[in-house]
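All remarks here apply to the structure that follows.
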């Protein structure tokens, strides 16, 4: 039976396949897309992805049911938390200006299977998100006409009571998705122009809401007579933060569009910063005027802004609010339909997804097949499925992508930059890379044991340390870590940090409610896992990182990405168990696709050289020098052409 068990070498090779990283081209600006988007285009795409129906619905819901007027503080904290994730996307988008967003960032730094699973989850996230927004758009328009569309459909088409299916087919939602798909397929410039139009109308309506809102503001609505500014206390503010965090999940459309940006190194970080700042300001100011216009406890969660103007005697303003809401939802639809086919294209281009989706139309320079296929799938979902039960799935996919992008930033920052000559760690193993000889005409020699011996007398204080190597100040205390290749210890520390963060957040979320831990064990576990997290963080910080790159870099690495990881994991664990169950089922389907297709057709799999047996011989010369010869082992029956059968020629002086 033992012969059927896989050998350790086979298991090692299999794990290496799963964790292989993407090889980037020398010229990352070369692309089959049309680089036509400016910083303004990208900024408006980001605003369109973030400022959607949430501005008109989410603000009233959180203010009335969760935080009161302190929803303003919730949006401030949520905006700061989103900034941590957004900065990670900004650095990656500037350094790797390729389409694919979180999928691409994970592939170039963490590994193939993790990148595929991130892309697989983002794919479903965009489909559900687009279909849900289309149904919300349809329902909002239907409510303006007193639900005549719904009543007509139920009367002439019919209604059904089937689990996971909508009560009636929403033809209007499917139609708006098909129209949006047609516009997106015309090219990035047309999509950007259409987004400009809807964004301009939406921002004009927001400006009207702010001006009229501050004119009609009554400070007494924050007084103690109405419940005060923070009627639900700190717990309400933090609960509101968790809900408000999802209002900022649209900025990744900017990173997904980096391959179509004219100057991604400058445009992507600026667009992410501008769009996130403007979106945060819009949410804060609208929440402020909303809770100042009318008492927070009297708000209508379904249409808070329109109802507030109606109660203050400006019923006509409700039509402007409705127009702004519909335009805002249009920008979110365009954002979803714009990003989804490009992520699918990136996966197909790398061979991990079906190759048909990697085709780019020569005239419009967009992946038309992906746009049409996934636009039709999105329209079908909006037509027949009940999406309310699946909306929470959007959160877990987004948070998982944020977590892996933050971890990827740490791993990438402590890796050697492409094109750098790897230097051996002080006292560590030599690099396997060849080094140039004294002159260009001489053959390259491989690092040998004699080279390692020469490291003993090297002046360590003057040695240039590469990214991933231990800092000189810590070497006397952590000398045993010098035996690892640059970046190895950091990778292990990142894994330990994530495991510690998962355990720490699990205790915080489930310790008192589900696990019913006694106080002493609850406190002890918190201290232990916090120490594990902090020690991992310090171990990463003790290594050299990349400096002086020409592109944007997130400050305070590894602290900033680590905080983002903890926050994202905490919010993921707050989701319902049914969301996790659906997530597990979708992951299993993704693994079937990967092991059935992706792992075999991956371009990195085609680049891998076939394994070749090698032998090494050390020959000591009278002068005491040491030389290593490495040659392929030839079958005994077929000696290599031009090589003698004896080893006498190997012992030349």
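In the numbering used here, the protein residues as written are 1421 to 2073. C-beta atoms are modelled at their ideal positions from N, C-alpha and C, and glycine is treated no differently. Every value quoted in this text rests on a predicted model; they were computed, and no experiment measured them.
- Out of 1512, 1895 and 1699, the CA that lies nearest to the CA of residue 1971 is found in 1512.
- Annotation for residue 1961: the continuous alpha helix (DSSP H) segment containing it runs 1939-1961.
- Closest in alpha carbon position to residue 1703, among 1896, 2019 and 1480, is 1480.
- In the structure shown, residue 1585 falls within a strand segment according to DSSP collapsed to helix, strand and coil.
- Nearest Cα to residue 1733 within the set 1595, 1766 and 1632: 1632.
- Beyond the five residues adjoining it in sequence on each side, residue 1963 comes within less than 7 Å, by CB distance, of 1834, 1888, 1889, 1890, 1891, 1909 and 1910 in the same chain, given in chain order.
- Secondary structure of residue 1637 (DSSP, three-state): coil.
- By the Cβ neighbour-count rule, residue 1585 is exposed, with fewer than 16 other Cβ atoms within 10 Å of its own.
- Here residue 1486 is near residue 1659, since their CB atoms are less than 7 Å apart.
- The beta carbon of residue 1522 sits closer than 7 Å to the beta carbons of 1538, 1542, 1672, 1821, 1824 and 1825 from its chain, once the five residues preceding and following it are set aside; these are given in chain order.
- The C-beta separation of residue 1546 from residue 1759 comes to about 6 Å, placing the pair in contact by the 8 Å criterion.
- With contact defined as three or more Cβ pairs closer than 8 Å, the segment 1770-1785 and the segment 1641-1653 are not in contact.
- The three-state secondary structure of residue 1654, taken from DSSP, is helix.
- Per the DSSP secondary-structure output, residue 1681 pairs in a beta bridge with 1457.
- In the pairwise beta carbon analysis, the segment 1487-1494 is classified as touching the segment 1706-1726: at least three pairs are separated by under 8 Å.
- The three-state reading of DSSP puts residue 1805 in strand, counting E and B together.
- The three-state reading of DSSP puts residue 1890 in strand, counting E and B together.
- For residue 1999, the uninterrupted alpha helix (DSSP H) segment begins and ends at 1997-2013.
- Pairing residue 1452 with residue 1606, the inter-Cα distance amounts to about 15 Å.
- Pairing residue 1601 with residue 1917, the inter-Cα distance amounts to about 42 Å.
- By the neighbour-count definition (other C-beta atoms within 10 Å, threshold 16), residue 1580 is an exposed residue.
- Ranked by Cα distance from residue 1924, the first of 1836, 1947, 1902 and 2010 is 1947.
- The C-beta distance from residue 1795 to residue 1598 rounds to 7 Å, short enough to fall under 8 Å.
- By the neighbour-count criterion, in which 16 or more other beta carbons inside 10 Å mark a residue as buried, residue 1566 falls on the exposed side.
- Taking the C-beta atoms as reference points, residue 1926 is found no nearer than 7 Å to residue 1953.
- Taking 7 Å as the cut-off, the Cβ atoms of residue 1668 and residue 1470 count as close.
- A distance below 6 Å between beta-carbons, with the five flanking residues on each side excluded, links residue 1492 to the following residues of its chain, in chain order: 1704, 1707 and 1708.
- Around the beta carbon of residue 2023, a 10 Å sphere encloses fewer than 16 other beta carbons of the protein chains shown; the residue is thus reported as exposed.
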